[in-house]
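Working notes, beginning with the structure itself.
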Amino acid sequence: MINIPQTDPYANYLSHKDQIDNAILRVLDSGTYIMGNEVSSFEEEFAKFIGCDFVAGVASGTDAIDLALRSLGIGVGSVVFTVSHTAVATVAAIERTGATPILVDIAPDTYNMDVVCLENAIKAYSDESAAIVPVHLYGHPADMESIMRIADDYGLFVVEDCAQAHGASILNKKVGTWGHLSAFSFYPTKNLGALGDAGAVASNDLHLIEKVRHLQEYGWTKRYISEMPGINSRMDPIQAAVLRIKLTRLDEENKKRNISAEIYNDAFSILNIQLPYVKNDVSHVFHQYVVRVEHRDELREFLYERGISTGIHYPLPVHQQPAYNGRIVIHDHLKHTEAISSNILSLPMYSELSSVDVDMVIREIMRWYDSKLRYF
Ligand SMILES: Cc1ncc(COP(=O)(O)O)c(C=O)c1O
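Residue numbers (numbering that gives the first Met the number 0): 0 to 375.
Here is the structure:
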C-alpha cells in the first residue's frame, strides 16, 4: 500500500536520529532547560547562516513577528501592510501587537505581495505609523528590492516573514537580511524544523535585537526589573540543540527539495497544470510545491484514495476566515488572492521524499489526467 505524506518531519528526524538523540541527552545533562549556551550557540550559527549580525531565539514564529514589530514601536494606532494569502499566523501576530493589519493583493505569478497594490495601499494610509510584513510564501522570496525601495520612499519599517523560506535568497542575499528585522518559525514541518515550537528574530540592528530580548522576557532589562510590558517567549535549549544539528544539513536538504521540484516540473510540463513560477534572480527553497489545477478537489480525492496526501495552503485567504471576515481591512479588491484558493494544490514535498515516491505521485497524476481526458 502506498503511503506518501504531504510533508514528513518524522522522516527528517530519523535521518539525523543519532546526532539529535545525543544532543538532547547533552541538554538533559546540562541542567539548563531555558535559553542558555545551547540557545546562544544556535543564535550565532543561524545568524552566520543567513548572513546577518544578530539573532534572538524565541518560542514560535508567531511570537517572532509580534516581537519584531513591537521592538519597532508598532502597536495600537499603527497600521501594518501584509497579504491575505498567508498563514493566519502572520495576521494574528500583527493584531496581537494592537496594530491594524491592512491586507493587499498578491502577484498572480509568485503568489507573493504585489508591490503596486502595496504602494497604492500605503498612499491611502499615509498618515499612520506603519510597517510592511512581506511573506516569502512557499519558499519563494517576495520582491524585496521593490519592497525596500517603497519602504524607504514612505519611511516605513519592514519585518520579513521568513517562516517558509529558510535559506532562500535574492541575488545571493538570503531572505531575512533585507528588512529591518525578520521572523522565522521552526515549526516541525518547516525547512528548518524543531521537534516542537520555536522561532527566531534576526536583524543587523543590535538595539532592535536587544529590545526583542527584553520584550521576550517580561520586558526585563535585568532580572525581575521590567522596563516595558513584555511577554514570555523563550527558546528552549532542546529545540536549539536539534536546530543546530539540522542547520548543518539545511542547504543540502533545500537542494533535495529543488531536485524533486525539477522532476515534478519536467513531468507535468505536458499537462494542463500551472507549475510553480521561479523568478530568475532568486533561489527557491520549495517549502511547498504548489500547482494550480482544474477539478482540484477531484484530483485530491483520487490521490488520497491511492495513499498520496496533498495539502491546500490555504483553503481560505485570511480576510475570508470566519474570525476575520467583515472586520479585517483589505485594500481594494483582492482579485488574485481570491482567485487561487479554489485551485491550488500542494503536492508531497519534503527533503526525505524519495525519487521513487516522486515518480509514484507523477504516475498517479498522469493516470488521473488520462482518465479525465475522456470526460473533459
Ligand atoms: C507564513 C507563516 N508565518 C508565520 C507562521 C507562524 O509560525 P509558528 O507556527 O511557529 O507560530 C507560519 C507557520 O505556520 C507561517 O507559515
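C-beta atoms are modelled at their ideal positions from N, C-alpha and C, and glycine is treated no differently.
Since this is a predicted model, take the numbers as computed values, not measurements.
For residue i, is the classification buried or exposed, using 16 other Cβ atoms within 10 angstroms of its Cβ as the cut-off for buried?
{"i": "R362", "result": "exposed"}
{"i": "E37", "result": "buried"}
{"i": "G178", "result": "buried"}
{"i": "L27", "result": "exposed"}
{"i": "R243", "result": "buried"}
{"i": "Y137", "result": "buried"}
{"i": "N21", "result": "exposed"}
{"i": "I307", "result": "buried"}
{"i": "R366", "result": "exposed"}
{"i": "T377", "result": "Outside the shown range of the chain (0 to 375) lies residue 377, about which nothing can therefore be said."}
{"i": "Y323", "result": "buried"}
{"i": "G175", "result": "buried"}
{"i": "G360", "result": "The question names Gly, but residue 360 in the sequence shown is Val. Buried."}
{"i": "G72", "result": "exposed"}
{"i": "E251", "result": "exposed"}
{"i": "N111", "result": "buried"}
{"i": "R212", "result": "buried"}
{"i": "T234", "result": "It should be pointed out that residue 234 corresponds to Met in this sequence rather than to Thr. M234 should be labelled buried."}
{"i": "R299", "result": "buried"}
{"i": "M143", "result": "buried"}
Keeping to the same chain, check which residues put their C-beta closer than 6 angstroms to that of residue i; ignore five residues upstream and five downstream.
{"i": "R291", "result": "Q273, N342, I343"}
{"i": "H139", "result": "T109, H283"}
{"i": "T188", "result": "T6, P8"}
Contact check, residue i vs residue j under 8 angstroms by CB: the rounded distance?
{"i": "A92", "j": "I208", "result": "Wrong, their Cβ atoms sit about 18 angstroms apart, outside the cutoff."}
{"i": "E288", "j": "L346", "result": "Reading off the sequence, residue 288 comes out as Tyr, not Glu. At roughly 5 angstroms, the Cβ-Cβ gap stays under 8 angstroms, so Y288 and L346 are in contact."}
{"i": "L333", "j": "P321", "result": "Rounded, the Cβ-Cβ distance is 17 angstroms, inconsistent with contact."}
{"i": "G60", "j": "A162", "result": "4 angstroms"}
{"i": "S77", "j": "A98", "result": "4 angstroms"}
{"i": "T336", "j": "S83", "result": "5 angstroms"}
Would you say residue i and residue j are within 8 angstroms of each other, going by their C-beta atoms?
{"i": "F183", "j": "Q238", "result": "no"}
{"i": "V355", "j": "S259", "result": "no"}
{"i": "A167", "j": "V281", "result": "yes"}
{"i": "A129", "j": "L155", "result": "yes"}
{"i": "V158", "j": "L68", "result": "yes"}
{"i": "N11", "j": "H330", "result": "no"}
{"i": "M134", "j": "T89", "result": "First, the residue type needs correcting, since residue 134 is Val and not Met in the sequence shown. In contact: V134 and T89 (Cβ atoms closer than 8 angstroms)."}
{"i": "D108", "j": "Y263", "result": "no"}
{"i": "G229", "j": "L214", "result": "yes"}
{"i": "I149", "j": "L117", "result": "yes"}
{"i": "I105", "j": "D113", "result": "yes"}
Spatial neighbours of residue i within its chain, please: C-beta separation below 7 angstroms, excluding the five flanking residues on both sides.
{"i": "T31", "result": "P236"}
{"i": "L246", "result": "E44, F45, F48, L191"}
{"i": "R25", "result": "A240"}
{"i": "D65", "result": "A92, R95, T96"}
{"i": "E351", "result": "D7, A10, N11, S14"}
{"i": "N253", "result": "G166, N190, V284"}
{"i": "S145", "result": "V114"}
{"i": "D204", "result": "H179"}
{"i": "Y368", "result": "L270"}
Residues in the same chain with beta-carbon distance under 8 angstroms from residue i, minus the five sequence neighbours each way, listed in chain order, please.
{"i": "M348", "result": "Q5, T6, R256, S259, A260, F285, H286, Q287, Y288"}
{"i": "P314", "result": "S340"}
Could one say the Cβ of residue i lies closer than 8 angstroms to chain C's Cβ atoms, at least one of them?
{"i": "V57", "result": "The chain inventory of the structure shown lacks chain C, comprising one protein chain alone."}
Who sits around ligand 1, taking every residue whose Cβ is closer than 6 angstroms to one of its heavy atoms?
-> S59, G60, T61, T85, A86, A88, T89, V134, D160, A162, Q163, S184, Y186, D196, G198
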